[in-house]
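Participant: One structure, as structure tokens, below. Some questions next.
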Amino acid sequence: MKTYGYARVSAKDQNLARQLDSFKRLGIPRQNIYAEKSSGKDFCRTEYLKLRGVLQKDDLLVVQSLDRLGRNYDQITEEWRKITQSIGANILVLDMPLLDTRSRSDTLLGKFVSNLVLEVLSFVAENERSNIRARQAEGIRLAKERGVKFGRPKTSLSQNFTYVAQNYVQGKISLRDSLTELSLSRSAFYRRLALWRHSKKKAN
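When you line the sequence shown up against this note's numbering, it's residues 9 to 212, in that order.
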């Protein structure tokens with residue numbers, strides 16, 4: 009029987025140290041720790057798939073908290089059962105001692121309690137994320153009603169640009185002189201030129 013640790017954070021600037029320290033205190037060998045910076049929206053993660061590939065019957069998988077394993081209610085419960093039933097390994101969630109399949113796998117009541125806690129926690133976690141998304145959407149809607157603009161600001165074309173663009177298109181001024189006159193980079197000039205041509209076409 010081997011013990012493995014799985015650590016995950018979602019963002020590149022987040023730190024794995026707290027999770028790794030927990031595994032170190034448990035005496036989990038470094039080579040048995042799989043860590044990555046990846047979204048928890050699904051289980052298609054490089055290090056996690058490697059870990060699941062080496063898990064065997066009676067091994068123990070340790071995670072700091074349930075949301076380190078994943079963030080989708082249905083996927084978490086499916087993955088939990090895949091590990092504990094199909095593979096026959098155990099799972100320990102450090103932040104939730106009730107989720108320790110080692111101490112409850114020998115009785116029907118123990119299995120029921122563990123599975124019930126898992127179902128409830130998974131549902132609560134996903135429900136909270138749904139509420140956050142709903143609040144964000146409501147905030148955006150209210151901001152739009154107040155006139156707040158989202159996305160890139162529209163580029164306005166000055167009279168000076170129109171004058172330079174007309175002369176450039178007619179061959180009266182070079183590209184270099186156009187860029188110097190407008191203090192624009194080549195790519196910025198071409199973007200505005202395309203916008204100018206489009207506005208001219210609409211006007212005609």
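All residues carry an ideal CB built from backbone N, CA and C; glycine is no exception.
If you draw a straight line from the C-alpha of glycine 147 to the C-alpha of isoleucine 140, how long is it?
Facilitator: 10 angstroms
Participant: Can you say whether leucine 57 is buried or exposed, counting buried as having 16 or more other CB atoms within 10 angstroms of its CB?
Facilitator: exposed
Participant: When burial is assigned at 16 or more other CB atoms within 10 Å of the CB, is valine 172 buried or exposed?
Facilitator: buried
Participant: In three-state terms, what does DSSP make of aspartate 108?
Facilitator: Three-state DSSP puts aspartate 108 in a strand.
Participant: Between Asn40, Ala151, Arg205, Thr188, which has its C-alpha nearest glutamine 174's C-alpha?
Facilitator: Arg205
Participant: Keeping to the same chain, check which residues put their C-beta closer than 7 angstroms to that of asparagine 40; ignore five residues upstream and five downstream.
Facilitator: Lys10, Thr11, Tyr12, Gly13
Participant: Taking 8 angstroms as the cut-off, decide whether the C-beta atoms of isoleucine 99 and tryptophan 88 are in contact.
Facilitator: yes
Participant: Between which two residues does the beta strand (DSSP E) carrying asparagine 40 extend?
Facilitator: Note, asparagine 40: premise wrong, no beta strand (DSSP E); not H, not E.
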